[in-house]
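Novice: Structure provided below as structure tokens; questions to follow.
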Amino acid sequence: MKQVQRVVTVIIFLFLYIPILLLAVASFNSGSDPAAFKSFTFHNYSALFHDHFLLPLLGNSLIVAVTASVCAMILGTLAALGIHAMNKTPRRLALGLANIPLMNPDIVTGVSLALLFAFVGQLLKTNHILGFATLLIAHITFGLPYIILSVMPKLTQMDPSLTDAALDLGCRPIQAFFKVTLPELTSSIAAGFLMAFAMSLDDFVISYFVFGPTFVTLPVEIYNYTKKPLPPKIYALFTLLFLAILVVMVLMNLLQARDARQERRRRQHGM
Amino acid sequence: MKKRVLPLFSAVLLLALLVLPLGAAAAPENDENITINVYNWGQYISDGTDGYIDVNRAFTEATGIQVNYTTYDTNESMYTKLKTGGATYDVIIPSDYMIARLIDEDMLRPLNFDNIPNYKYIDNAFLNTDYDPDNIYSVPYTWGTVGIIYNTAYVDEADTGSWDLLWNSKYSGKILMFDNCRDAFGIAELSLGYSLNTNDPDELRDAAELLKAQQPLVQSYVMDQIFETMEREEAWIAPYYAGDFLLMYKENDKLGFYFPEEGFNIFIDAMCIPKTSQHPEAAEAYINFLCDPKISAENLEYLGYATPMTEAKQYMDPEMTTSEVVYPTEETLARGESFLVLDREATQLMDELWLDVKTDGGSISTGTIIAIVVIILAIAMVFVTRKVRRKR
Amino acid sequence: MRNRFLATPYLIWMILFVLVPLAVVVYFAFTDVNSGALTLHNIARMGNYLSIFIKSIWLALVSAVICLVVGYPVAYFIAKAPAGLQRFLLMLIILPMCISFLLRTMAWVSLLEDTGVINNFLGMLGIGPLPLIRNNAAIVLGMVYNYLPYMILPLYTVLEKMDPRLIEAAQDLGCDDMQVFTKVTLPMSAPGIVSGITMVFVPAVSTFYISKKLGGTDAALIGDVIESQFKAAYNPNFGAALSLVLMILIFICIGLTNRVSGDEKGAMLV
Numbered sequence: 001m002k003q004v005q006r007v008v009t010v011i012i013f014l015f016l017y018i019p020i021l022l023l024a025v026a027s028f029n030s031g032s033d034p035a036a037f038k039s040f041t042f043h044n045y046s047a048l049f050h051d052h053f054l055l056p057l058l059g060n061s062l063i064v065a066v067t068a069s070v071c072a073m074i075l076g077t078l079a080a081l082g083i084h085a086m087n088k089t090p091r092r093l094a095l096g097l098a099n100i101p102l103m104n105p106d107i108v109t110g111v112s113l114a115l116l117f118a119f120v121g122q123l124l125k126t127n128h129i130l131g132f133a134t135l136l137i138a139h140i141t142f143g144l145p146y147i148i149l150s151v152m153p154k155l156t157q158m159d160p161s162l163t164d165a166a167l168d169l170g171c172r173p174i175q176a177f178f179k180v181t182l183p184e185l186t187s188s189i190a191a192g193f194l195m196a197f198a199m200s201l202d203d204f205v206i207s208y209f210v211f212g213p214t215f216v217t218l219p220v221e222i223y224n225y226t227k228k229p230l231p232p233k234i235y236a237l238f239t240l241l242f243l244a245i246l247v248v249m250v251l252m253n254l255l256q257a258r259d260a261r262q263e264r265r266r267r268q269h270g271m
Numbered sequence: 272m273k274k275r276v277l278p279l280f281s282a283v284l285l286l287a288l289l290v291l292p293l294g295a296a297a298a299p300e301n302d303e304n305i306t307i308n309v310y311n312w313g314q315y316i317s318d319g320t321d322g323y324i325d326v327n328r329a330f331t332e333a334t335g336i337q338v339n340y341t342t343y344d345t346n347e348s349m350y351t352k353l354k355t356g357g358a359t360y361d362v363i364i365p366s367d368y369m370i371a372r373l374i375d376e377d378m379l380r381p382l383n384f385d386n387i388p389n390y391k392y393i394d395n396a397f398l399n400t401d402y403d404p405d406n407i408y409s410v411p412y413t414w415g416t417v418g419i420i421y422n423t424a425y426v427d428e429a430d431t432g433s434w435d436l437l438w439n440s441k442y443s444g445k446i447l448m449f450d451n452c453r454d455a456f457g458i459a460e461l462s463l464g465y466s467l468n469t470n471d472p473d474e475l476r477d478a479a480e481l482l483k484a485q486q487p488l489v490q491s492y493v494m495d496q497i498f499e500t501m502e503r504e505e506a507w508i509a510p511y512y513a514g515d516f517l518l519m520y521k522e523n524d525k526l527g528f529y530f531p532e533e534g535f536n537i538f539i540d541a542m543c544i545p546k547t548s549q550h551p552e553a554a555e556a557y558i559n560f561l562c563d564p565k566i567s568a569e570n571l572e573y574l575g576y577a578t579p580m581t582e583a584k585q586y587m588d589p590e591m592t593t594s595e596v597v598y599p600t601e602e603t604l605a606r607g608e609s610f611l612v613l614d615r616e617a618t619q620l621m622d623e624l625w626l627d628v629k630t631d632g633g634s635i636s637t638g639t640i641i642a643i644v645v646i647i648l649a650i651a652m653v654f655v656t657r658k659v660r661r662k663r
Numbered sequence: 664m665r666n667r668f669l670a671t672p673y674l675i676w677m678i679l680f681v682l683v684p685l686a687v688v689v690y691f692a693f694t695d696v697n698s699g700a701l702t703l704h705n706i707a708r709m710g711n712y713l714s715i716f717i718k719s720i721w722l723a724l725v726s727a728v729i730c731l732v733v734g735y736p737v738a739y740f741i742a743k744a745p746a747g748l749q750r751f752l753l754m755l756i757i758l759p760m761c762i763s764f765l766l767r768t769m770a771w772v773s774l775l776e777d778t779g780v781i782n783n784f785l786g787m788l789g790i791g792p793l794p795l796i797r798n799n800a801a802i803v804l805g806m807v808y809n810y811l812p813y814m815i816l817p818l819y820t821v822l823e824k825m826d827p828r829l830i831e832a833a834q835d836l837g838c839d840d841m842q843v844f845t846k847v848t849l850p851m852s853a854p855g856i857v858s859g860i861t862m863v864f865v866p867a868v869s870t871f872y873i874s875k876k877l878g879g880t881d882a883a884l885i886g887d888v889i890e891s892q893f894k895a896a897y898n899p900n901f902g903a904a905l906s907l908v909l910m911i912l913i914f915i916c917i918g919l920t921n922r923v924s925g926d927e928k929g930a931m932l933v
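Going line by line, the protein sequences match chains A, B and C. Numbering follows this note's numbering, with no gaps: position 271 of the first sequence is 271. Just add 271 to wherever you are in the second sequence, counting from 1, and you've got this note's numbering. Just add 663 to wherever you are in the third sequence, counting from 1, and you've got this note's numbering.
What follows is the structure, encoded as structure tokens:
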């Protein structure tokens, strides 16, 4: 049984990483076709560093993704706590709301938000409503459900008597939250945050309709590359991005592991 | 516990901060400078790749006007964006029939040609076009033709010459087709001997039937994917823009090109200023800059499409300017026809028919549907009974 | 902090940016594209596309089930791994999602084509080109690839929380491995299964890029049709009507899944 699991896991990880490996190989290819390797070159990387169009767009993407997922994380965690305290019917309704952005095809979300923004723009008598703010609002909106979906189950699994105990021991509610509830939720908040971040970094459908002339993200631009073959420096760009995120995640992991160790040690000493 | 969240935050923020300066550089907000919003096709301007000119940067250096440059993937999605509102653009570069539609719907602003002195270089052949007969709203950016690209190693020379090659069942599964309603219908109409611009519902239906008949032979409906697919010989036959043939030929010299005898489409993409533009003068300066023969030459050499200015050809690679694929002879050009805007009813009918073509044959058989329904019902039954039992 | 007012900002946000736009969609679905007059024409046209609806739902369902079958052992393996490894593996599951979905799908095209990487490799071994692309199986592969992480994460969450003493108890009571799995592990992970199935199924139904690149010429899915109405045909009214019907169908499907799980917790995840 264990053996089967291990084999399946290895196969699945191979499956998940084969296309990424292909992209990484393509970034060293002198031709532009990822399926036909011509010769090895660093040219795509030097072309990437001389490019002053794609890199700023990647910057834009990261700015939107980070801001949107942080906002969604705060808003979503608060919401999960609030929803948890609700009675059955309002709770169902509030959770149902979170499902709508998931169920709507992205393009419909995008167009309907764009229509809303344009309408508000008319009210405000401005022609420039589309821009960073609208992009951010859209990204927060589709990121929120992921936070709520991953925090809610943990919250319901949590033993309510823990918080009660903290309160009995003289904690103020806010202290009880930071000392008891939040630590329990960290991992599920982090999982939701990462999902929202990845979704936001990768979105091009909704973004297409709500971006303005002053601020556009990388995936939107790449989707519009319909005239010529994709320039291979894009493969170089994503290979580097992949490595950067990998490094950040590994660092995060190490820090978490260290934290966990310290926590354990402290507890042992305390007891 | 806060400690655990903090490293996560700081790490991600660090990553963002690293690229923040780059992002800030992308949208410089400067009060004394005018900034124009240019909205163009993706990959449709020389952007400094491979040592070619970076047109937008050169324009800013020459005039001090900043450019916000964003892109779209089809004429129609550009139209959707303009129509939805919320943002204004100063320069757009749509194709002929879309320009006619925008003029029709009063969405374009008449140009002030005093600000576009380079307009004089535009060849007479590209003035008084059908889409803008009085030369009020548009200045040609580039033009081109549509023909058939085929692989000489696999395709019998005797089968070539006409659009019928796209319906030749000998090459079933190796044929590509435009993933674009207007171009696909154009080809079907030409091979039926109709006009590219027919508004006749019956003729449109005939064309749709022909496209449906072609569907099983087609490998896929593509746009940009065509390059690698043809170069790698995954497919052998494709209708596409003549300018792009030269790019593909560089990678695979077994490829050939011809203009079908029934006629073909000539397209012109032209620069226009939307009615809502905030800086029309700066926009005209931009249009003027792109009409500079030297700039046009460098820009279009990178793109591989034809320039509407004879004056520009002297600065271009002679291999390209003498190519009869990019610049067909007068005699060949006489067979060409350009797209015009269709009636609203015809446009809608064409869109509906195109959807039918794309979804034809995709329907699963009645048997499968019944099977699926039965399975779903069975599952539902199992759980309903189980629930009932549990309740008892 | 059991204070339901904490959800207020969220509720306001969702009403503004989800419900109001949704109302716009409903309004569009029932108005005519030319005149703007109220009409049922858009909904009536739907009949022609019934088979596409069914096909899209079917392919998404198959993908969700495959995700479940292959994702379950992976989630189980991760959940039972030592804490450090657990975090690392989870990270590896999420990481591919950060790379452009467009590029990853295009990478699959390059892998699967007749002259693509896999068939070239097989060709060297003397095996003729296999029809790996431009069929429904390729679409399902694309969907599974893209949405598998959404299955593994919720499964992992429930499996990780499961008390190992329950399994021991079942074993002590004489259950064999299979019985332990069907009587203890599987029912306990029901909420995760429901939430995973939903998170894979829902976006997969309305996906449009995957079928375009990996499917055959007859493979248009409902997502493609909706996309074309907004981006190519400029008939947002019909597009809105299609997506409204799609939403209702998804609602029904989710309702069914919730019935299936029969579990209050499962229903909440969705």
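Beta carbons are placed, not taken as given, at the ideal position from N, Cα and C, and that holds for glycine. These numbers come from a predicted model, not from an experiment.
(1) Using a beta-carbon distance below 8 Å, is glutamate 347 (chain B) in contact with chain C?
(2) So, at 6 Å on beta carbons, what are the nonlocal neighbours of phenylalanine 142 (chain A) in its own chain, with the 5 sequence-adjacent residues on each side left out?
(3) Our contact map puts phenylalanine 610 (chain B) next to arginine 372 (chain B) with C-beta atoms below 8 Å; I'd like the distance itself, whole angstroms only.
(4) Please compile the residues from chain A whose C-beta is within a distance smaller than 9 Å of the C-beta of aspartate 495 (chain B).
(5) Between the alpha carbons of isoleucine 935 (chain C) and glutamate 602 (chain B), how many angstroms are there, rounded?
(6) Could you check the C-alpha separation between phenylalanine 784 (chain C) and phenylalanine 498 (chain B) for me, to the nearest Å?
(7) Is leucine 382 (chain B) close to the ligand FAD? I mean its beta-carbon at under 7 Å from any heavy atom of the ligand.
(8) Starting from the N-terminal side, write out each stretch of the alpha helix (DSSP H) that is 4 residues or longer and does not extend beyond the segment 688-745 of chain C.
(9) Below 7 Å CB to CB, which residues in the same chain sit around methionine 158 (chain A) once its five sequence neighbours on both sides are set aside?
(10) Start and end of the alpha helix (DSSP H) containing alanine 358 (chain B)?
(11) Quick one: which chain B residues come within Cβ less than 8 Å of leucine 130 (chain A)?
(12) Under three-state DSSP, which class holds leucine 130 (chain A)?
(13) Give the residues from the segment 671-683 of chain C that approach chain A closer than 9 Å (Cβ to any Cβ), ordered along the chain.
(14) Glutamine 314 (chain B) CB to nearest chain C CB: under 8 Å?
(15) In terms of alpha-carbon separation, which member of B:Thr334, B:Val628, B:Asn308 lies closest to lysine 483 (chain B)?
(16) Does valine 272 (chain A) get closer than 8 Å to chain B when you measure Cβ to Cβ?
(17) Which two residues bound the contiguous alpha helix (DSSP H) that contains phenylalanine 384 (chain B)?
(18) Please identify, using Cβ separations under 7 Å, the residues of the segment 91-115 of chain A that lie next to chain B, in order along the chain.
(19) Rounded to the nearest angstrom, what separates aspartate 259 (chain A) and leucine 182 (chain A) at their Cα positions?
(20) Does lysine 894 (chain C) get closer than 8 Å to chain B when you measure Cβ to Cβ?
(21) For the structure I just gave you, are there three or more beta carbon pairs, one from the segment 197-205 of chain A and one from the segment 151-171 of chain A, closer than 8 Å?
(22) Give the list of continuous alpha helix (DSSP H) stretches no shorter than 4 residues that lie fully inside the segment 179-248 of chain A.
(23) When you compare the CB of threonine 845 (chain C) with every CB in chain A, is at least one pair closer than 8 Å?
(24) Measure the alpha-carbon distance for lysine 233 (chain A) versus isoleucine 20 (chain A) and round it to whole angstroms.
(25) Would you check if the distance between the CB atom of glycine 886 (chain C) and the CB atom of phenylalanine 871 (chain C) is smaller than 8 Å?
(26) With a CB to CB cut of under 6 Å and the five nearest residues on each side skipped, what residues in its chain are close to asparagine 308 (chain B)?
(27) Ignore the nearest five residues each way along the sequence and tell me which others in glutamine 490 (chain B)'s own chain have a CB closer than 7 Å to its CB.
(28) Could you give the DSSP three-state label for glutamine 337 (chain B): helix, strand or coil?
(29) Could you run through the segment 758-787 of chain C and flag, in chain order, every residue whose CB is less than 9 Å away from some CB of chain A?
(30) Using C-beta distances below 8 Å, list every residue in its chain close to threonine 431 (chain B), excluding the 5 sequence neighbours before and after it, in chain order.
(31) At a CB-CB cut-off below 9 Å, which residues of chain A make contact with phenylalanine 668 (chain C)?
(32) Under 8 Å Cβ to Cβ from glycine 110 (chain A), same chain only, skipping five residues before and after it: list those, please.
(33) Given a limit of 9 Å on CB to CB distance, which residues of the segment 310-335 of chain B reach chain A?
(34) Nearest chain B C-beta to valine 888 (chain C) closer than 8 Å, yes or no?
(35) Using a Cβ-Cβ distance under 8 Å, would tyrosine 412 (chain B) count as near chain A?
(36) Aspartate 202 (chain A) CB to nearest chain B CB: under 8 Å?
Specialist: Walking through what the data contain:
(1) True, the Cβ-Cβ gap to chain C drops below 8 Å.
(2) Apart from the 5 residues on each side of it in sequence, phenylalanine 142 (chain A) sits with its Cβ closer than 6 Å to the Cβ of Pro101 in its chain, given in chain order.
(3) By a beta-carbon distance limit of 8 Å, phenylalanine 610 (chain B) does not contact arginine 372 (chain B). Their separation comes to about 10 Å.
(4) Near aspartate 495 (chain B) (Cβ distances below 9 Å), the residues of chain A are Tyr225, Thr226, Lys227, Lys228, Pro229, Leu230.
(5) Not covered by the structure: residue 935 (chain C). The range shown for chain C is 664 to 933.
(6) Spanning the alpha carbons of phenylalanine 784 (chain C) and phenylalanine 498 (chain B) requires a straight line of approximately 22 Å.
(7) The ligand FAD is absent from the structure shown, which contains no ligands of any kind.
(8) For the segment 688-745 of chain C, the full-length alpha helix (DSSP H) segments reaching 4 residues or more read 704-707, 713-743 along the chain.
(9) Excluding positions up to five away in sequence, the list reads Glu184.
(10) From DSSP, alanine 358 (chain B) is part of no alpha helix (DSSP H); its letter is neither H nor E.
(11) Residues of chain B passing the Cβ test: Gly357, Ala358.
(12) Coil at leucine 130 (chain A), not helix or strand.
(13) Listed by position, the residues of the segment 671-683 of chain C near chain A (Cβ gap below 9 Å) are Thr671, Pro672, Tyr673, Leu674, Trp676, Met677, Ile678, Leu679, Phe680, Val681, Leu682, Val683.
(14) By this cut-off, glutamine 314 (chain B) is not an interface position.
(15) Comparing Cα positions, the closest option is B:Val628.
(16) Since the displayed chain A opens at 1 and closes at 271, residue 272 (chain A) lies outside it and no answer follows.
(17) Boundaries cannot be given for phenylalanine 384 (chain B), as no alpha helix (DSSP H) includes it and DSSP labels it neither H nor E.
(18) Correct list: Ala114, Leu115.
(19) Distance from the CA atom of aspartate 259 (chain A) to the CA atom of leucine 182 (chain A), rounded to whole angstroms, is 15 Å.
(20) By the rule that beta-carbons nearer than 8 Å mark a contact, lysine 894 (chain C) touches chain B.
(21) Short answer: they don't touch.
(22) Complete alpha helix (DSSP H) runs here, min 4: 182-202, 205-210, 218-223.
(23) Cβ-Cβ to chain A under 8 Å: no for threonine 845 (chain C).
(24) Per the coordinates, the alpha-carbon of lysine 233 (chain A) lies some 15 Å from the alpha-carbon of isoleucine 20 (chain A).
(25) Yes.
(26) So the list reads Asn339, Tyr360, Asp361, once near-sequence residues are dropped.
(27) Counting only Cβ-Cβ distances below 7 Å, and skipping sequence neighbours, we find Gly444, Lys445, Ile446, Leu447, Ala506.
(28) Here glutamine 337 (chain B) sits in strand by DSSP.
(29) Those would be Leu758, Pro759, Met760, Cys761, Ile762, Ser763, Phe764, Leu765, Leu766, Arg767, Thr768, Met769, Ala770, Trp771, Val772, Ser773, Leu774, Glu776, Thr778, Gly779, Val780, Asn783, in chain order.
(30) Here threonine 431 (chain B) has Ile419, Tyr421, Gly527, Tyr529 as same chain residues with Cβ atoms under 8 Å from its own Cβ, once five neighbours each way along the sequence are excluded.
(31) Contact of phenylalanine 668 (chain C) with chain A by beta-carbon distance below 9 Å involves Gly82, Ala85.
(32) Ala138, Val205, Ile206, Ser207, Tyr208, Phe209, Val210.
(33) Listed in sequence order: Tyr310, Trp312, Gly313, Gln314, Tyr315, Asp318, Gly319, Thr320, Asp321, Asp325, Asn327, Arg328.
(34) Yes - at least one Cβ of chain B is within 8 Å of the one on valine 888 (chain C).
(35) Cβ-Cβ to chain A under 8 Å: no for tyrosine 412 (chain B).
(36) Answer no: the Cβ-Cβ gap between aspartate 202 (chain A) and chain B never drops below 8 Å.
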